[in-house]
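Novice: Provided herewith is a single structure, encoded as C-alpha cells, for subsequent inquiry.
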Amino acid sequence: MRLTGKKAFVTAAGQGIGRAIALAYAREGAAVTATDVDGAKVADIGGTALDVTDKAALQSAVRAAAPDILVNCAGVVHAGSVLEATDDDLDFAFALNVRAQFHSMQAALPGMVERGGGAIVNIASVCSSLLSAPNRFVYGTTKASVIAMTKSVAKDFVTQGIRANAICPGTVDSPSLHERLRATGDYDAALSAFIARQPMGRIGTPEEIAALAVYLGSEESGFTTGQAHIIDGGWANG
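Heads up: the sequence shown begins at 69 in the working numbering, then just goes up one per residue.
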C-alpha cells in the first residue's frame, strides 16, 4: 500500500471529494484524521467535528495529528458576478477557501520540517487563475489564491523535503453540487448545462480526484511540487 506508515489530516471529509480522499488514504494504509464541520458525517470513519474557520481549533487539531500529509479540502462556492458579490461573500469565502488552508499549513509545516518531509495537497479548482467560469467571481478569486499559496509554500520548503501541490478539479459529482443545482430552480437544466461544458460529456467523480490525491501524497510523486494539477475532463483544454 502506497501510504503505509503515513499520517494524514483531511478537512471536509464528510462528503464528496474530501470523504473520497479520506477513504482512499485509509485503503492505501494511512492513519487518517478525518474532520468535518458536521461531526456526524465523519463519525462512521472515526472522524471528528472541526470548524476550520476557527483558527485556534484548526491549528490545535493539526498539531495534535502531526500529519505527514495535509489535505485541505474545505471550501464554499458562491454564485454571481462581481456586481452581485458582497463584502460578506468575499470575507466568508476567503475565510473558508483561503485562510483555513493558510492556518492549517502554518500548523503542519514546523512538524514536517522537523521530521524531514511531508506532502501538502490543497484543493483548488480549474475555475481560478487557470480558467474563468460564468457567475463564479468570488469562487474563482479565492481558488486563484489557493494556487498562489501552494506555489509559494512549495518554493519556500522545496529543500526541506516538503512538497505542496494543488488539485484543480472541474465539475465533480458531489452533494454540494446537487445542492447548487437545486438552488437554481431548474435542476435538470442546470445539470445539463454543467455536463455540456465538459468535453468528455460527463462530470467527474470524487474517486477520480481522490486517486490523484493519493498519488500526490505518496512517494511516487516525490519529484513533483508547486504544481496546479488540472483534472477537469478536458474543460481547460478547449
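Cβ coordinates follow ideal geometry from the N, Cα and C atoms, glycine included.
Determine the direct distance from the alpha carbon of VAL144 to that of GLY82, and round the result to whole angstroms.
Specialist: In the sequence shown, counting from the first residue as 1, residue 82 sits at position 14. In the sequence shown, counting from the first residue as 1, residue 144 sits at position 76. Spanning the two alpha carbons is a distance of roughly 14 Å.
Novice: Who are the Cβ neighbours of ASP244 in its own chain at under 8 Å, not counting the five residues just before and after it?
Specialist: For the purposes of this step, residue 244 is taken as residue 176 along the sequence shown, with counting starting at 1. A quick correction: the sequence has Ser, not Asp, at residue 244. Closer than 8 Å at the Cβ level, and outside the excluded window around SER244, lie GLN83, GLY84 and VAL145.
Novice: Please return the same chain residues whose Cβ sits closer than 8 Å to the Cβ of GLY186, not counting the five positions on each side in sequence.
Specialist: Looking up residue 186 in the sequence shown gives position 118. These residues qualify, in order along the chain: PRO135, ASP136, ILE137, LEU138, ALA176, LEU177, GLY179, MET180, GLY229, ILE230 and ARG231.
Novice: If you drop the 5 nearest sequence neighbours on each side, which residues of the same chain put their C-beta closer than 6 Å to that of ASN190?
Specialist: For the purposes of this step, residue 190 is identified with residue 122 of the sequence shown, where counting begins at 1. Only ASN140, GLN169, VAL214, THR218 and ALA234 meet the Cβ criterion.
Novice: In three-state DSSP terms, what is THR103?
Specialist: Position 35 of the sequence shown, counting from 1, holds the residue named residue 103. THR103: strand per DSSP, three-state reduction.
Novice: Start and end of the beta strand (DSSP E) containing ILE77?
Specialist: Locating residue 77 in the sequence shown gives position 9, where the first residue counts as 1. Note that residue 77 is Phe in the sequence shown here, rather than Ile. 75-78 is the span of the beta strand (DSSP E), which, as asked, contains PHE77.
Novice: So, at 6 Å on beta carbons, what are the nonlocal neighbours of ILE315 in its own chain, with the 5 sequence-adjacent residues on each side left out?
Specialist: Any answer about residue 315 is impossible in this case: the structure gives the chain only from 69 up to 306.
Novice: Among the candidates PRO202, GLY114 and THR227, whose CA atom is the shortest distance from the CA of PHE291?
Specialist: For the purposes of this step, residue 291 is taken as residue 223 along the sequence shown, with counting starting at 1. Out of PRO202, GLY114 and THR227, THR227 has the C-alpha closest to the C-alpha of PHE291.
Novice: If I'm right that GLY285 touches TYR93 with Cβ under 8 Å, what's the distance once you round it to whole angstroms?
Specialist: Residue 285 sits at position 217 when you count from the first residue of the sequence shown. Residue 93 sits at position 25 when you count from the first residue of the sequence shown. Confirmed, Cβ separation roughly 7 Å.
Novice: Looking at the unbroken alpha helix (DSSP H) that takes in ARG183, where does it start and where does it end?
Specialist: One-based indexing of the sequence shown puts residue 183 at position 115. From DSSP, the alpha helix (DSSP H) with ARG183 extends over 168-183.
Novice: If you draw a straight line from the C-alpha of ALA90 to the C-alpha of LEU126, how long is it?
Specialist: The residue you call residue 90 lines up with position 22 of the sequence shown. The residue you call residue 126 lines up with position 58 of the sequence shown. Roughly 17 Å between the two C-alpha positions.
Novice: Consult DSSP for ALA296 and reduce its assignment to one of helix, strand or coil.
Specialist: Numbered from 1 along the sequence shown, position 228 holds the residue referred to as residue 296. Strand, per DSSP.
Novice: For ALA117, which residues does DSSP report across the bridge?
Specialist: Taking the first residue of the sequence shown as 1, we reach residue 117 at position 49. ALA117 pairs with ASP104.
Novice: Relative to the C-alpha of ASP122, which residue among PHE262, SER242, GLU275 and ALA142 is closest?
Specialist: In the sequence shown, the residue the question calls residue 122 occupies position 54. Of the candidates PHE262, SER242, GLU275 and ALA142, the one whose C-alpha sits nearest the C-alpha of ASP122 is ALA142.
Novice: Nearest-angstrom Cα distance between GLY253 and MET268?
Specialist: Along the sequence shown, read from residue 1 onward, the residue named residue 253 stands at position 185. Along the sequence shown, read from residue 1 onward, the residue named residue 268 stands at position 200. Approximately 26 Å, taken between the alpha carbons.
Novice: Taking only three categories from DSSP, how would you classify ASN165?
Specialist: Residue numbering aside, residue 165 sits at position 97 when the sequence shown is read from its first letter. It is helical.
Novice: Using DSSP with H/G/I as helix, E/B as strand and the rest coil, what is ASN203?
Specialist: For this step, residue 203 is matched to residue 135 along the sequence shown. Assignment of ASN203 by DSSP, reduced to helix, strand and coil, places it in the coil class.
Novice: How should GLY238 be labelled, buried or exposed, when 16 other C-beta atoms within 10 angstroms of its C-beta is the threshold for buried?
Specialist: Translated into the one-based positions of the sequence shown, residue 238 becomes position 170. Counting Cβ neighbours within 10 Å, GLY238 comes out buried, since at least 16 surround it.
Novice: Please list the terminal residues of the continuous beta strand (DSSP E) segment that includes ILE188.
Specialist: Residue mapping note: residue 188 aligns to position 120 of the sequence shown, counting from 1. 186-191 is the extent of the beta strand (DSSP E) around ILE188.
Novice: Here's the rule: buried if 16 or more other CB atoms are within 10 angstroms of the residue's CB, otherwise exposed. What is LEU198?
Specialist: In the sequence shown, residue 198 corresponds to position 130, counting from 1. LEU198 comes out buried.
Novice: According to DSSP, simplified to helix, strand and coil, what is LEU245?
Specialist: For the purposes of this step, residue 245 is identified with residue 177 of the sequence shown, where counting begins at 1. It is helical.
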